[in-house]
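S.K.:
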Amino acid sequence: MSKPSRWPLTADGIRFITPHVLLKRLQNDPLAKGLFVTAMGYYPTASGHAMERKGHPDHILIYCTAGSGFLTMAGKTITINSGDIFYLPAGSKHSYQASKESPWTLYWLHFDGTLANDFCRHINIVERKFTIGVQPRVIRVFDGISHLRHSSHSLAEFIQGGHQVQALLSYIALLVQQRQPNA
């Protein structure tokens with residue numbers, strides 16, 4: 067599991083890392099191993115937020131709902147704005163940072179599982195980011211997944227959370243398809 071940034075959390079910020087013991091159970095459970103949450107969070111108005119990785123073992127999905135920032139990957143820097151979602155495949159070298167003038171607000175999710183690559187291919191984001199707009203439904207799902215941190219590490223709750231991630235990725239795939247030319 068990759069480690070999230072150490073950005074200092076604000077009072078309404080969230081950072082949750084699934085405990086290692088629970089990850090082992092999720093990897094071996096027939097209902098959970100397809101897709102499961104390894105970490106998640108919410109960083110509101112994340113002034114000074116920055117992250118650089120030479121690689122990471124899980125997949126990362128980051129959704130910007132306000133402000134802006136920058137993503138650098140494969141030698142290319144792109145601007146991330148409110149309504150953009152970006153995907154970082156497992157193993158990818160990347161860096162990203164909030165804008166100094168208008169720091170972003172982010173929902174983020176690290177996930178893994180035997181179906182993770184298949185779901186990411188299904189989304190079919192040619193570039194590493196795609197504009198889906200600020201979608202209340204997507205925000206509700208991220209908020210729902212964030213409640214796992216209050217679950218007392220219940221396997222049943224994490225199985226359900228993994229299925230929420232599947233629903234989220236499927237919905238994002240529809241949004242991406244609707245916004246592509248000749249969809």
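Residue numbers (the working numbering): 67 to 249.
No residue lacks a Cβ here, since even glycine has one placed at the ideal position from N, Cα and C.
1. Select from K69, K195, S212 and I225 the residue whose C-alpha is nearest the C-alpha of G79.
2. Please report the straight-line C-alpha distance between I198 and L214, rounded to a whole angstrom.
3. Select from R91, V207 and H86 the residue whose C-alpha is nearest the C-alpha of Y173.
4. A132 and S148 look like a contact to me (Cβ under 8 Å); what is the Cβ gap, rounded to whole Å?
5. In chain order, what residues of the same chain lie with their CB nearer than 6 Å to the CB of Q226, ignoring the 5 residues before and after it?
6. Tell me the DSSP secondary structure of N94 in three-state form.
7. Report the residue from L75, Y129 and H219 whose alpha carbon sits nearest the alpha carbon of H115.
8. Alpha carbons only, please: which of A105, P70, L137 and S113 is nearest the one belonging to F196?
M.R.: Reading it off the structure:
1. Taking the sequence shown and counting its residues from 1, one reaches residue 79 at position 13. The residue with the shortest Cα to Cα distance from G79 is S212.
2. Taking the first residue of the sequence shown as position 1, residue 198 is located at position 132. Taking the first residue of the sequence shown as position 1, residue 214 is located at position 148. Computed Cα separation, rounded: 25 Å.
3. Counting from one through the sequence shown, the residue named residue 173 turns up at place 107. Nearest C-alpha to Y173: V207.
4. Reading the sequence shown from its first residue, position 66 is the one you call residue 132. Reading the sequence shown from its first residue, position 82 is the one you call residue 148. Beta-carbon to beta-carbon, A132 and S148 are separated by about 5 Å, close enough to satisfy the 8 Å threshold.
5. Against the sequence shown, residue 226 aligns to sequence position 160. Result list for Q226: empty, nothing under 6 Å.
6. On the sequence shown, residue 94 is found 28 positions in, with the first residue counted as 1. If DSSP states are grouped into helix, strand and coil, N94 belongs with the helices.
7. On the sequence shown, position 49 is the one that residue 115 refers to. Of L75, Y129 and H219, the residue nearest in Cα terms is L75.
8. Mapped onto the sequence shown, residue 196 falls at position 130. Ranking A105, P70, L137 and S113 by Cα distance to F196 puts L137 first.
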